[in-house]
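Numbering (the numbering used here), first residue to last: 305 to 414.
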């Protein structure tokens with residue numbers, strides 16, 4: 305009768321042992337988690353709070369410029385300063401659209 309083939313392995317010290325194979329039989333082949341879901345959620349919540357604070361501070365320093373249409377909807381079209389900023393924003397947007405017509409973006413699909 306043919307003899308069953310024995311599985312052996314050479315470890316770091318060049319020792320061939322069955323024990324090294326037996327030890328690794330039920331070990332998962334993928335990386336195991338290093339933190340719990342609660343820890344991940346806590347980190348993500350903290351990052352979300354920090355991002356929200358940064359955005360709030362940025363918006364306080366740099367208020368959003370409304371478009372002329374938005375000014376009219378809010379009844380603020382009589383404010384000359386806001387109207388000038390809105391007109392500049394609208395002109396800049398029109399210039400950008402003239403320089404970048406629809407369909408001129410990425411033409412090669414990857």
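Note that CB positions come from ideal geometry on N, CA and C, so glycine has one too.
In the structure shown, residue 323 adopts helical secondary structure according to DSSP, grouped into three states. Rounded to whole angstroms, residue 403 and residue 343 show a C-alpha spacing of 48 Å. With respect to the 9 Å criterion, residue 389 and residue 369 are classified as neighbours on the basis of their beta carbons. Note that the C-beta distance between residue 371 and residue 394 is below 9 Å. Within 10 angstroms of the beta-carbon of residue 375 lie 16 or more other beta-carbons, which makes it buried.
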